[in-house]
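Please read the structure below before turning to the comments.
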Amino acid sequence: MNAPARARRPAHPVAWWGWALLLATAASRTANPWLLLLIIAVSGLVVSWCRGDEPWSGAYRVFLAIGASAIAIRMTFYIVFGGAEGTTVLFALPSIRLPDWAAGFRLGGAVSAEGALAASYDGLPLATLLVCVGAANALASPRRLLRSVPAALYEVSVAVVVALSVAPQLVSGVARIRKARALRGNTKRNPANLMRTVVVPVLHDALDRSLALAAAMASRGYGRAAGAAASTRRTTSALLLMGLLGLCAGAYALLGPATPAPVAWGLLALGAAAAVLGIAFASKRVPHTRYRTDAFGARDWAVLLSGSAAAMGSIVSAAAEPGSIWPATNPLTMPPLPLAAAFGVLIAAAPAILVPNTPTKAGPA
């Protein structure tokens, strides 16, 4: 007699968010359409193989639609207000002459292939960033993420987790209500009917979930903190504030080309050290217990490392072949594929093999 098959443990939510943010980092460092489309394809592959049947698992499609709308909006702005110009005119719209103080803008006029390509190069990175965030929302469990944060950040993390789970919960609520409408034979699509039978029930469901969450938090003693001396509270607050300012300054210095890299990394390291010390001090006054520790295993580290390969590949390509990372749009040429960055993004597809959402076969009992 065979024992029932047991599902493999999903990857840690911190690993999924780290993997997605590292993919987003790679996407933010390039405008190459082939590389960005490859990142979208890899994130879609991993989501399709690794997501479960939870309510938030359908968030990826929503973020895909939001990303496509970002590209469409950027293209619409170019067609209406103008931007990069070129010699290859696709079509011309009726134009309106603007005053001299609005130089650089236009309403209507000629739409060139070079300008349309530049607009798509502007919108595609933003769409890719949104898709990466959608992949993290579809893969990471908000409940496990909340259990994994330090005790000092528990109250802040509750707000962050609730905010991150809004989109997945709304998606699941709309799908549930649409199914109920279909079972009742209500197929009308006029705005008044949709407002009464879809929007109002979704908002009512969200309010019910919020009240249930508040009641559950109150019953578990949420917000209770141990007593601490005033000097300890001031030291903790100062360390957390210094850590936050150091992290912000280091991140800004890394993004800006004017600051030397050693100075930027030094600011980032000092900010991180101050933040860690502040969290350690603050954790002593927050009695936060866990029924079952959610360990960060070898597969979780492998997921993070696969995402870091994408970021490292983009850095190597930016140093070795900057022209392929930021391709030109005038004249019209086929952008080359940066090989190092593409290889790193392909390595980022490893979670589809490492943590697939398939049950493991049990041996004979």
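Sequential numbering of the sequence shown, starting at 9, is according to our numbering.
Ideal placement from N, C-alpha and C gives every residue a C-beta, glycine not left out.
Asked, Found
"To the nearest angstrom, how far is the alpha carbon of V88 from that of V284?", "49 Å"
"Since I79 and G142 should fall inside the 8 Å C-beta cutoff, what is the C-beta to C-beta distance between them, to a whole number of angstroms?", "Actually they are not in contact, since the Cβ atoms of I79 and G142 sit about 15 Å apart, beyond 8 Å."
"Which of the three DSSP states, helix, strand or coil, is assigned to V353?", "helix"
"Taking the alpha carbon of Y68 as the point to measure from, which residue in G258, V179, P270, P359 has its own alpha carbon closest?", "V179"
"Rank L347, I185, A200, A121 by C-alpha distance to the C-alpha of G331 and give the top, closest one.", "L347"
"So, under 8 Å CB-CB, L191 and A32 are touching, yes? Tell me the CB distance rounded to an integer number of Å.", "39 Å between Cβ atoms; not a contact."
"Using CA atoms only, rank isn't needed, just tell me which of G90, A246, A148 is closest to V311.", "A148"
"Can L248 and G286 be called in contact, C-beta distance under 8 Å?", "yes"
"Rounded to whole angstroms, what is the Cα-Cα separation between A200 and V206?", "10 Å"
"With a Cβ-Cβ cutoff of 8 Å, do A144 and W309 count as a contact?", "no"
"Please list the terminal residues of the continuous beta strand (DSSP E) segment that includes F99.", "97-104"
"So, does the segment 352-362 touch the segment 51-59, judging by three or more C-beta pairs under 8 Å?", "yes"
"Would you mind reading off the limits of the beta strand (DSSP E) that contains L345?", "Note, L345: premise wrong, no beta strand (DSSP E); not H, not E."
"If I'm right that G279 touches A257 with Cβ under 8 Å, what's the distance once you round it to whole angstroms?", "7 Å"
"By how many angstroms is the C-alpha of L134 removed from the C-alpha of W27?", "17 Å"
"What does the Cβ neighbour count give for N198, buried or exposed, with the cut at 16 atoms within 10 Å?", "exposed"
"On the criterion of 16 or more Cβ atoms from any shown chain inside 10 Å, does G193 qualify as buried, or is it exposed?", "exposed"
"Can you tell me the Cα-Cα spacing of V208 and G66, whole angstroms?", "21 Å"
"Tell me, which residues are paired with G117 by DSSP?", "L101"
"What separation, rounded to the nearest whole angstrom, lies between the Cα atoms of A318 and A350?", "8 Å"
"Quick check on the DSSP output: the alpha helix (DSSP H) that includes V324 runs from which residue to which?", "306-328"
"Leaving out five residues before and five after S103 in sequence, what residues of the same chain have Cβ atoms less than 7 Å from its Cβ?", "R114, L115, G116, G117"
"List the whole-angstrom C-beta distance separating S1 from M83, where the pair is believed to meet the contact cut-off of C-beta under 8 Å.", "Since the first residue shown for the chain is 9 and the last is 373, residue 1 is missing from the structure and cannot be characterised."
"Less than 6 Å between C-beta atoms, sequence neighbours within five positions excluded: which residues of the same chain meet that for A224?", "none"
"In three-state DSSP terms, what is G193?", "coil"
"Which same chain residues end up closer than 6 Å to G181 when comparing Cβ atoms and leaving out the 5 residues on each side of it in sequence?", "V210, D213"
"Go through the segment 37-70 residue by residue and report every complete run of the alpha helix (DSSP H) that reaches 4 residues or more, in order.", "41-58"
"Can you give the Cα-Cα distance for L98 and P335, rounded to whole angstroms?", "21 Å"
"I'd like to check one pair, L30 with G305: are the Cβ atoms closer than 8 Å?", "no"
"Is DSSP giving L20 helix, strand or coil here?", "Note on identity: in this sequence residue 20 is His, with Leu being the wrong assignment. DSSP places H20 in coil when its eight states are reduced to three."
"Compute the minimum distance between the beta carbon of F89 and the heavy atoms of the ligand SAH, and state whether it is under 7 Å.", "Here there are no bound small molecules, and the ligand SAH is not part of this structure."
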